[in-house]
Amino acid sequence: MMDKIINKLIEFREEKNWSQKEFADKLGLHVEDVVKFEKGQSLKVLDKIVDFFIKAHTKDNYFNEWYTIDDLPLTEEQKAIVLEWFAMKIKEILRIFDPEWGDHCKSYDPLVITDSVAHSYLFDFKDGGRHHPFKLLTQLERWLAEEAVKEMLPYILDREWWNDEIKPRLLEWVKGNFPQDTAEWILSYDE
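Position one of the sequence shown corresponds to residue 1 (the numbering used here), numbered consecutively onward.
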């Protein structure tokens with residue numbers, strides 16, 4: 001079984017015309033890790049390679065090399081600026097649902113990132129605070145997406161045009177696409 005998985009992943013790499021070195025670079029691994037994996041000598045990178053393969057086959061097999069903020073070929077400072085921009089776009093979308101959303105802004109809203117702290121009066125990132133320590137930019141990226149879904153859900157689910165068929169599918173999608181604690185937090189929109 002493992003040989004089939006390894007062969008499928010090698011086939012995928014070769015379809016993309018990536019050398020083992022290029023593939024290792026995309027994964028953030030040493031080329032030796034990829035070589036050992038492909039020879040079946042080491043499975044320590046299996047999770048990372050399989051995760052990469054799954055991401056590459058989402059969205060109708062369209063491969064987007066920039067799946068998360070960490071995949072962008074930018075410096076950490078530039079990535080932080082992209083996330084600040086992303087927060088502004090989320091704010092604009094949420095104001096479509098509620099023109100007063102975010103009226104309690106501070107000068108640094110919707111988001112300012114300094115070192116490993118995200119400052120925001122608009123996004124509470126599950127802790128209700130205004131200054132949110134984080135370890136990775138991908139963590140902050142995920143928090144923004146989760147909060148956007150949580151804020152939009154009441155408007156979407158309370159619309160008359162959402163019938164009994166659509167609402168359950170959307171709720172199942174939330175449950176299936178977020179960790180359980182996050183899904184519960186998102187679905188607590190009416191509490």
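Backbone N, C-alpha and C define an ideal beta-carbon position, used for all residues, glycine too.
For residue j and residue i, the rounded distance between their alpha carbons
i, j, result
"His119", "Asn177", "26 Å"
"Leu83", "Leu27", "22 Å"
"Leu72", "Leu136", "14 Å"
"Leu140", "Phe134", "7 Å"
"Glu146", "Val50", "24 Å"
"Lys150", "Pro168", "16 Å"
"Arg130", "Leu46", "38 Å"
"Glu15", "Asp98", "47 Å"
"Trp18", "Leu29", "14 Å"
"Ser116", "Ala148", "21 Å"
"Trp173", "Pro179", "11 Å"
"Ile5", "Lys48", "13 Å"
"Glu77", "Tyr67", "18 Å"
"Gly128", "Pro154", "19 Å"
Whole-Å CB distance - residue i paired with residue j, under 8 Å assumed
i, j, result
"Gln20", "Val31", "6 Å"
"Leu74", "Met152", "About 28 Å; that fails the 8 Å criterion."
"Phe86", "Leu171", "Not a contact, Cβ separation roughly 25 Å."
Three-state class that DSSP yields for residue i in the structure shown
i, result
"Glu114", "Note on residue identity: the sequence assigns Thr, not Glu, to residue 114. DSSP places Thr114 in strand when its eight states are reduced to three."
"Pro99", "coil"
"Lys59", "The pLDDT assigned to Lys59 is 47, lower than 50, so where the model puts this residue is not dependable; a value taken from the coordinates is nonetheless given after this. Looking at Lys59 - three-state DSSP - the assignment turns out to be coil, as it is neither helix nor strand."
"Pro73", "coil"
"Pro179", "coil"
"Leu29", "coil"
"Lys16", "coil"
Proximal residues to residue i (C-beta, below 7 Å), its chain only, five neighbours per side dropped
i, result
"Met88", "Pro110"
"Ile69", "Lys79, Val82, Leu83, Leu137, Thr138 and Glu141"
"Lys126", "Trp185"
"Lys8", "none"
"Phe53", "Leu9 and Phe12"
"Thr200", "Lying before the first or after the last residue shown, residue 200 is absent from the chain, which here runs from 1 to 191."
"Lys175", "Ala183"
"Ser188", "none"
Same chain, Cβ closer than 8 Å to residue i, neighbours up to 5 away in sequence not counted
i, result
"Gly102", "Lys91, Leu94, Arg95, Asp109, Pro110 and Leu122"
"Val112", "Glu84, Ala118, His119 and Ser120"
Close beta carbons around residue i, own chain, < 6 Å, minus the five adjacent residues each side
i, result
"Val34", "Gln20, Phe23 and Ala24"
"His132", "Ala118 and Phe125"
* With a floor of 3 residues, list each beta strand (DSSP E) that falls wholly inside the region 114-149, ordered by position along the chain. => 117-119 and 131-133
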